[in-house]
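J.: As given, the protein sequences belong to chains A and B, one line each in that order.
Read in order, the letters of the first sequence are residues 1 to 113 in this note's numbering.
Read in order, the letters of the second sequence are residues 1001 to 1116 in this note's numbering.
For every residue, glycine included, the Cβ atom is placed at its ideal position computed from N, Cα and C.
Note that the structure is a prediction, hence the values are computed from the model and not measured.
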Amino acid sequence: AQTVTQSQPEMSVQEAETVTLSCTYDTSENNYYLFWYKQPPSRQMILVIRQEAYKQQNATENRFSVNFQKAAKSFSLKISDSQLGDTAMYFCAFMKQGWDMRFGAGTRLTVKP
Amino acid sequence: KAGVTQTPRYLIKTRGQQVTLSCSPISGHRSVSWYQQTPGQGLQFLFEYFSETQRNKGNFPGRFSGRQFSNSRSEMNVSTLELGDSALYLCASSLMSSSGVPYEQYFGPGTRLTVT
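(1) Taking DSSP as the reference, what is the three-state secondary structure of Gly85 of chain A?
(2) Does the Cβ of Pro40 of chain A have 16 or more other Cβ atoms within 10 Å, making it buried, or fewer, making it exposed?
(3) Interface residues of chain B around Phe75 of chain A at Cβ under 8 Å?
(4) At the 8 Å Cβ level, is Val1081 of chain B part of the contact set with chain A, yes or no?
(5) Taking Cβ-Cβ distances shorter than 8 Å, what residues in chain A pair up with Leu1090 of chain B?
(6) For Leu1095 of chain B, which three-state DSSP category applies?
(7) If contact is defined by three or more beta carbon pairs under 8 Å, each pair taking one atom from either stretch, is the region 1045-1058 of chain B in contact with the region 1029-1037 of chain B?
(8) Is the CB of Glu1075 of chain B under 8 Å away from at least one CB in chain A?
(9) Three or more C-beta pairs under 8 Å: does that hold for the region 21-40 of chain A against the region 62-81 of chain A?
(10) Using a Cβ cut-off of 9 Å, which residues of the region 1012-1035 of chain B contact any Cβ in chain A, in chain order?
(11) Who does Lys55 of chain A pair with in a DSSP beta bridge?
(12) Residues of chain A with CB closer than 9 Å to the CB of Leu1095 of chain B, please, in chain order.
(13) Against Gln1105 of chain B, what residues of chain A qualify as contacts under a CB-to-CB distance less than 9 Å, listed in chain order?
(14) Helix, strand or coil, according to DSSP, for Asp128 of chain A in the structure here?
(15) What in chain B is Cβ-close to Arg50 of chain A, meaning under 7 Å?
(16) To the nearest angstrom, report how far apart Ser1074 of chain B and Pro1025 of chain B are at their CA atoms.
(17) Can you tell me whether Asp86 of chain A is buried or exposed, with buried defined as 16 or more other CB within 10 angstroms of its CB?
(18) Measure from the alpha carbon of Gly104 of chain A to the alpha carbon of each residue in B:Pro1008, B:Gln1041 and B:Gln1006, then state which is nearest.
(19) For Pro9 of chain A and Thr107 of chain A, what's the separation of their Cα atoms in angstroms?
Pasting the structure below:
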């Protein structure tokens, strides 16, 4: 079974600084997909970034980037120039092709002014 | 494009009753997944439907069931409600291909179910 571990239940960062959220996963699959989702206090889950396991290049979306280490089964999210609107729960998720999505327990990120 | 919609947004039921939740996916999305979110268990996958067929199912008892209609709208049903079923139920739709290659999932706002 696939498991996703987020070892940081809570983190905080000063506005404009950089923060990295950690995620590790366990799978025997070779083809899969990894995601970071954000759930603000309003509760609507929003996709932040997506990474295909077969791609070696790390995904980037504006201020959000990942460090994907396939051999280490690690998938961390870096948020640069943190903004107050980044305050949310962040979930790391794993999906095997054609299968369900497994989520980590989440990291509560607070951006402080 | 309209987002994923879920109805109702809030629901209060009594133990032993049954409940039906509805989800309308984004237009063109044929894959619909359901998740249960609780403080203790986090986000747990319930099931996924594609073209009216349940393709995948999580580790939940048979009291949890679902279906998908020809217009991709989906419903989930929970029978004989228990206190532990109190949760936020999230629906997500995806432009997943028929070969199973997933695109990102778009989530609805959720239905908050409280069982008393």
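T.: Walking through what the data contain:
(1) helix
(2) exposed
(3) Those within 8 Å of Phe75 of chain A in chain B number zero; the least Cβ separation is about 15 Å.
(4) Reading the sequence as shown, one finds Leu at residue 1081 of chain B and not Val. No, because no Cβ of chain A sits closer than 8 Å to the Cβ of Leu1081 of chain B.
(5) Met45
(6) coil
(7) yes
(8) no
(9) yes
(10) Ser1033 and Tyr1035
(11) Looking at the DSSP assignment, Lys55 of chain A forms no beta bridge with any residue, so it has no partner.
(12) Those do not exist, as Leu1095 of chain B stays about 12 Å from chain A at its closest Cβ, beyond 9 Å.
(13) Phe35, Tyr37, Met45, Leu47, Ala93, Met95 and Met101
(14) The structure shown has nothing for residue 128 of chain A, since chain A only spans 1 to 113.
(15) Glu1104
(16) 8 Å
(17) buried
(18) B:Gln1041
(19) 5 Å
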